[in-house]
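Novice: The structure's right below; bear with me while I get my questions together.
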Amino acid sequence: MSKTPLLIVGAGGHGRVVRDLLQTTKSYWLALVADDKLSHTELRDGVYYGPVALMRDLIANETDAAAAVIGIGDNRIRREMSIRLELPDKRYAALIHPEASVAKDAVIGHGAVVMAGAIVNTGAVIGPHAIVNSGAVVEHDCTVGAFAHISPRVALAGGVRVMEGAHVGIGACVIQGISIGRWSILGAGAAAIADVPDGVTAVGVPARVIKQQTMQQPHLTNQDIYPKFTENSEISLLRNI
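For the sequence shown, the UniProt record's numbering begins at 1 and goes up steadily by one.
Right, here's the structure in full:
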């Protein structure tokens, strides 16, 4: 089976980890890397590097013959980039490291990345462009919203809901049935034993809110593509991928 060429958007730290993941897959090969810090196009070790606009045009002209993934760790920038690229959902690859454990009935959305050592258990749903980072545990029946980031060594107990754009910091844990609100931050090492509302930063053991965020959304909107997260709508959306 021939491999599909793939564009990684983002040449920073997270993008490099995605590149390493890509080398372990049997479905894709790295063709292009796009980053706005690159001022011109150059060929390095068989891979083309260049600015986002140019690389986006190249992949858009390839019809269904190429795929993309956004290798940017910042949730808001990743969301805005997905709007800027204007690629249909089917053009985004969902990447799963072969050393991750993903249940057969778990759902992984387009553009999502599951890193080495991660565990995604039965009934879990990982939303579009979400990140489940190295060694994280997403237990049974959890839902992780679009553009959320589950950091390394995070532990989500059964039935946890991490809403759109939320960031769960390294080593944090969330007890069963708890929700982490949209675009909220749960700090490194925190323990969430109660729901965390939308748009806040919560830290500590047990986690407590220390900051209310502005909740400013990117200047572009894609609410038609990524509706406000609800458990039923998200699962219904992803089951049809």
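Glycine included, C-beta positions come from ideal geometry on N, C-alpha and C.
How should I210 be labelled, buried or exposed, when 16 other C-beta atoms within 10 angstroms of its C-beta is the threshold for buried?
Specialist: Counting Cβ neighbours within 10 Å, I210 comes out exposed, since fewer than 16 surround it.
Novice: Could you have a look at E42 and say whether DSSP puts it in helix, strand or coil?
Specialist: In this structure, E42 counts as strand in the three-state DSSP scheme.
Novice: Please report the residue range of the beta strand (DSSP E) in which V69 lies.
Specialist: A67 to I70 is the span of the beta strand (DSSP E), which, as asked, contains V69.
Novice: According to DSSP, simplified to helix, strand and coil, what is L220?
Specialist: A caution first: L220 carries a pLDDT of 38, below 50, which makes its placement in the model too unreliable to give a value.
Novice: Distance, Cα to Cα, I170 vs D195?
Specialist: Spanning the two alpha carbons is a distance of roughly 18 angstroms.
Novice: How is the alpha helix (DSSP H) around G50 delimited, first residue to last?
Specialist: Element bounds for G50: not the alpha helix (DSSP H) but the beta strand (DSSP E), V47 to G50.
Novice: Evaluate the contact criterion for the segment 155-173 versus the segment 126-139: three or more CB pairs, one atom per stretch, below 8 angstroms.
Specialist: Result yes; three or more Cβ-Cβ pairs closer than 8 angstroms.
Novice: Using CA atoms only, rank isn't needed, just tell me which of R76, V114, V107 and L43 is closest to C142.
Specialist: Of the candidates R76, V114, V107 and L43, the one whose C-alpha sits nearest the C-alpha of C142 is V107.
Novice: Are the Cβ atoms of A190 and V200 separated by less than 9 angstroms?
Specialist: No, these two residues do not count as a Cβ contact at 9 angstroms.
Novice: Jot down the residue ranges of each uninterrupted beta strand (DSSP E) in the segment 63-151, minimum 3 residues, whole runs only, in chain order.
Specialist: Runs of the beta strand (DSSP E) inside the segment 63-151: 67-70.
Novice: For a quick check, are the C-beta atoms of V125 and V114 less than 9 angstroms apart?
Specialist: No, they are not a contact pair.
Novice: Which first and last residues belong to the beta strand (DSSP E) in which V203 is found?
Specialist: V203 -> beta strand (DSSP E) spans V200 to V203.
Novice: Given that a residue counts as buried once 16 or more other Cβ atoms are within 10 Å of its Cβ, and exposed if not, what is E86?
Specialist: It is exposed - the Cβ of E86 has fewer than 16 other Cβ atoms within 10 Å.
Novice: Identify the residues that DSSP records as bridge partners of V174: which are they?
Specialist: According to DSSP, V174 bridges with L156 and A192.
Novice: Would P206 be called buried (16 or more neighbouring beta carbons within 10 Å of its own) or exposed?
Specialist: That one is exposed.
Novice: With distances taken Cα to Cα, identify the nearest neighbour of I77 among T41, V168, S39 and W183.
Specialist: I77 has its Cα closest to that of W183, out of T41, V168, S39 and W183.
Novice: How many Å lie between N61 and V33 at the Cα?
Specialist: Going from the Cα of N61 to the Cα of V33 covers about 16 angstroms.
Novice: For Q176, tell me which candidate among V160, D89 and E164 has the shortest Cα-Cα distance.
Specialist: Among V160, D89 and E164, the Cα nearest to that of Q176 belongs to V160.
Novice: Which of helix, strand or coil does DSSP assign to A11?
Specialist: A11: coil per DSSP, three-state reduction.
Novice: Taking Cβ to Cβ, would you say A93 is nearer than 9 angstroms to G109?
Specialist: Not a contact, by the Cβ cut-off of 9 angstroms.
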